[in-house]
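Each position in the sequence shown, counted from 1, maps to that position plus 456 in my numbering.
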Amino acid sequence: MSLVELIAQADERGLAASGLACLDRCVPLLGGDDETLRPLWASLSDGAGTGDWGEGLEQARKQLDAAGTGDEAAVLAHRMLEAAPVERSPAEVRVWADACSVAALQIHRLLDTATDDASSVAVRREGRTDGMSPLVAAELRRQITVLEVLAGHGPAGLRRALEVSTEGRRVLRAVVSRRSRQRG
Numbered sequence: 457m458s459l460v461e462l463i464a465q466a467d468e469r470g471l472a473a474s475g476l477a478c479l480d481r482c483v484p485l486l487g488g489d490d491e492t493l494r495p496l497w498a499s500l501s502d503g504a505g506t507g508d509w510g511e512g513l514e515q516a517r518k519q520l521d522a523a524g525t526g527d528e529a530a531v532l533a534h535r536m537l538e539a540a541p542v543e544r545s546p547a548e549v550r551v552w553a554d555a556c557s558v559a560a561l562q563i564h565r566l567l568d569t570a571t572d573d574a575s576s577v578a579v580r581r582e583g584r585t586d587g588m589s590p591l592v593a594a595e596l597r598r599q600i601t602v603l604e605v606l607a608g609h610g611p612a613g614l615r616r617a618l619e620v621s622t623e624g625r626r627v628l629r630a631v632v633s634r635r636s637r638q639r640g
């Protein structure tokens, strides 16, 4: 199943986790650490209060200085954070998750030293993967895995989704670090 199809079929929690996972993997571009988005992850659990998402989002925005400055990849990451809905309504979360998916793939495309043969990331989301660059391919796999885990395991899949996101964040942090060393 393509990423577009998985997003279309996801429930509200799956969509929120999908968007959050994309944002979480891009935290190195926002100057955040591994714990910055933990309150948002916790707000997706069954025992979370209804206002936990909004409070966690407000806290993350303050910590990550969402001014939107920097190169194109950082600007896209800031936009993901700013676009996150304060209330997790299914319609708003669906739009946000879809936009985060596109932005995260585009960020990985911008940061990849290898060339991606596709004219846009939209074709990757639809399942056409020929000539895909390694960093984009890995991000696409992570996005698909998060949605599949949550669709198959519900709230119990949150831990695995967070693990997938953490792995991706470490990879992106290494890419960003290498890139800054090459520039400096």
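Ideal Cβ placement from N, Cα and C applies to all residues, glycine included. Since this is a predicted model, take the numbers as computed values, not measurements.
Where Thr601 is concerned, the enclosing alpha helix (DSSP H) starts and stops at Pro590 to His609. DSSP places Pro541 in the coil class of the three-state scheme, outside both helix and strand. Following the DSSP letters along the chain, one finds Val460 inside the alpha helix (DSSP H) bounded by residues Leu459 to Gln465.
Val549 places its beta carbon less than 9 angstroms from that of Leu471. Separation of the CB atoms of Leu500 and Arg535 is rounded to 22 angstroms, and the pair is thereby denied contact status at 8 angstroms.
CA-CA distance, Arg580 to Thr571, rounds to 14 angstroms.
Annotation: Leu567 to Ala593 spans about 13 angstroms, alpha carbon to alpha carbon. Under the three-pair Cβ rule at 8 angstroms, the region 574 to 590 does not count as touching the region 538 to 552. The Cβ neighbour count for Val605, taken over all protein chains shown within 10 Å, is at least 16; the residue is labelled buried.
With fewer than 16 other Cβ atoms from the protein chains shown falling within 10 Å of its own Cβ, Arg639 counts as exposed. At a Cβ-Cβ threshold of 9 angstroms, Leu459 and Leu476 do not count as neighbours. In this structure, Ala559 lies near Leu532, with their beta-carbon atoms less than 9 angstroms apart. With respect to the C-alpha of Trp497, the residue from Arg615, Gln465, Val627 and Gln519 having the closest C-alpha is Arg615. Nearest Cα to Arg634 within the set Thr585, Ile600, Thr569 and Pro590: Thr569.
Leu561 is a Cβ neighbour of Glu595, given a cutoff of 9 angstroms.
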